[in-house]
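Peer 1: Residue numbers (full-length UniProt numbering): 1 to 272.
Before anything else, here's the structure in question.
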Amino acid sequence: MTGDEVPHRDSAAPGPGDARTVQLRDNLAAAHARLERACRDADRDPAEVELLVVTKFFPADDVSRLIGLGAHAFGESREPEAGRKVAAVRAALHLDNPDTDSPTGGVTDTAPVFDMIGTLQRNKAKSVAQWARRVHSVDSARLADALDTAAASALDSGARSAVLDVLLQVSLDGDISRGGALIEDLPSLADAVDEADALALRGLMVIAPLRVDADEAMANAAQVRERFLADHPGATVFSAGMSGDLEAAVRHGSTCVRVGTAIMGSRPIRSP
Ligand SMILES: *Cc1c(COP(=O)(O)O)cnc(C)c1O
């Protein structure tokens with residue numbers, strides 16, 4: 001807080017001085033500082049680790065505010081909330097012309113990108129393929145198949161201009177009811193993605209299991225990743241770390257941290 005910007009109490013519209021913008025600015029700066037420090041402590045270059053701002057449950061206006069503050073990459077986890085929000089943000093930015101509005105950035109480097117990070121049902125594949133740069137949560141060959149079909153038709157219609165990048169979500173504790181594939185199923189799942197023309201295998205995603213030491217969980221994940229990279233050297237993205245455990249994730253090689261609460265504040269209490 002610099003203290004020299006007094007928020008206008010009754011201004012709801014996103015703008016440099018409204019109270020929410022000031023709060024997001026401070027939280028975003030703190031998250032960047034935290035990430036940079038984590039990288040320094042781990043002897044890593046901060047440029048290797050992307051900060052994905054997780055905006056699920058928060059309105060399109062917040063995404064617009066964050067874009068105004070320099071944020072560029074966002075994570076969403078639920079449909080239809082996500083698709084609607086992305087459309088609203090793009091309309092507000094006048095990016096809603098399909099020719100210039102590709103999920104991978106299209107003609108501009110500064111256009112925001114949105115990733116799907118949450119558990120995904122196959123019947124949502126079609127909509128997700130319209131807006132997502134990347135899906136972090138692929139955990140079955142059937143889902144990969146549905147996303148391939150959806151991405152192919154989005155490419156045909158011009159709704160997207162590049163193949164859909166995917167990460168395989170790994171279940172570290174074998175409790176696949178919380179999403180993720182079993183470690184032993186990763187090779188066949190990777191094959192399914194490799195065979196899909198409209199998908200590109202980019203890496204792995206993990207969520208630390210509940211009640212497990214974060215450092216231990218991330219060390220375990222890093223080993224899984226190392227074995228995976230031996231067979232899939234191009235799949236270098238490692239999406240790991242959230243508000244509570246980003247330092248441990250960075251220590252163990254994360255290339256993408258997904259930060260919600262630490263930037264946005266607490267979400268309404270509902271199942272994610
Ligand atoms: C909600 C969510 C996050 C963000 O978690 P925070 O603890 O709020 O930072 C990260 N990853 C996934 C998959 C999520 O669903």
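Glycine residues also receive a C-beta, built at the ideal position from the N, C-alpha and C atoms.
So, helix, strand or coil for M264, using DSSP?
Peer 2: helix
Peer 1: Ignoring anything shorter than 4 residues or poking outside the stretch 106-180, list the alpha helix (DSSP H) runs there in chain order.
Peer 2: 125-131 and 141-157
Peer 1: Taking 7 Å as the cut-off, does the CB of A132 come closer than this to any heavy atom belonging to ligand 1?
Peer 2: no
Peer 1: My assumption, with CB atoms under 8 Å, is that V206 sits in contact with A230. Please give the rounded CB distance.
Peer 2: Wrong, their Cβ atoms sit about 18 Å apart, outside the cutoff.
Peer 1: Can you round the beta-carbon distance between L69 and L24 to whole angstroms, since I take them to be within the 8 Å contact cut?
Peer 2: 6 Å
Peer 1: Near D101, what residues of its chain come up, given a Cβ to Cβ distance below 7 Å and the 5 sequence neighbours on each side ignored?
Peer 2: Because the pLDDT of D101 is 49, which lies under 50, any placement of that residue in the model is unreliable, and the number read from its coordinates should be weighed accordingly. Taken in chain order, the residues that qualify are R90 and L95.
Peer 1: Please classify E79: is it buried, with 16 or more other beta-carbons within 10 angstroms of its beta-carbon, or exposed?
Peer 2: buried
Peer 1: Considering only the beta carbon of each residue, do residue 324 and L51 sit closer than 8 Å?
Peer 2: Here the chain comprises residues numbered 1 to 272, so residue 324 is not present and cannot be evaluated.
Peer 1: Near R225, what residues of its chain come up, given a Cβ to Cβ distance below 6 Å and the 5 sequence neighbours on each side ignored?
Peer 2: L204 and F238
Peer 1: Hey, H252 and A221: beta-carbon distance below 8 Å or not?
Peer 2: yes
Peer 1: Measure the C-alpha to C-alpha separation of D197 and D18 and round it to an integer number of angstroms.
Peer 2: If you draw a straight line from the Cα of D197 to the Cα of D18, it is about 46 Å long.
Peer 1: Taking the runs of the alpha helix (DSSP H) that are 4 residues or longer, which of them lie wholly in the stretch 176-223?
Peer 2: DSSP runs (the alpha helix (DSSP H)) wholly in the stretch 176-223: 186-194.
Peer 1: Checking 8 Å against the spacing of the C-beta atoms, do D115 and A73 come in under that value?
Peer 2: yes
Peer 1: Answer yes or no: do V193 and V128 have a C-beta to C-beta separation smaller than 8 Å?
Peer 2: No; because the gap between Cβ atoms is not below 8 Å, this pair is not in contact.
Peer 1: Check each candidate in T55, R37 and A141 and name the one with the smallest Cα separation from S266.
Peer 2: T55
Peer 1: At which residues does the beta strand (DSSP E) containing S239 begin and terminate?
Peer 2: V237 to S239
Peer 1: Excluding five sequence neighbours on each side, which residues of the same chain lie with their C-beta closer than 6 Å to the C-beta of A125?
Peer 2: A146, L147 and A150
Peer 1: Mind checking E76: buried by the 16 CB within 10 Å criterion, or exposed?
Peer 2: buried
Peer 1: Looking at the strands, I want to know which residues DSSP matches up with E50.
Peer 2: C256
Peer 1: Helix, strand or coil: how does DSSP classify F57 here?
Peer 2: coil
Peer 1: For the candidate residues A190, S243 and I263, whose alpha-carbon lies nearest to that of P233?
Peer 2: A190
Peer 1: Which one of P268, A30 and S254 has the shortest CA to CA distance from E48?
Peer 2: Taking only the C-alpha atoms, the option nearest E48 is S254.
Peer 1: Distance check for I263 and C39, CA to CA, integer angstroms please.
Peer 2: 18 Å
Peer 1: Rounding to the nearest angstrom, what Cα-Cα distance links T21 and L120 in this structure?
Peer 2: If you draw a straight line from the Cα of T21 to the Cα of L120, it comes to about 31 Å.
Peer 1: Over what stretch of residues does the alpha helix (DSSP H) that includes E79 continue unbroken?
Peer 2: Neither: E79 is in no alpha helix (DSSP H) and is coded neither H nor E.
Peer 1: Whole angstroms are fine: how far does the CA of D213 sit from the CA of V170?
Peer 2: 17 Å
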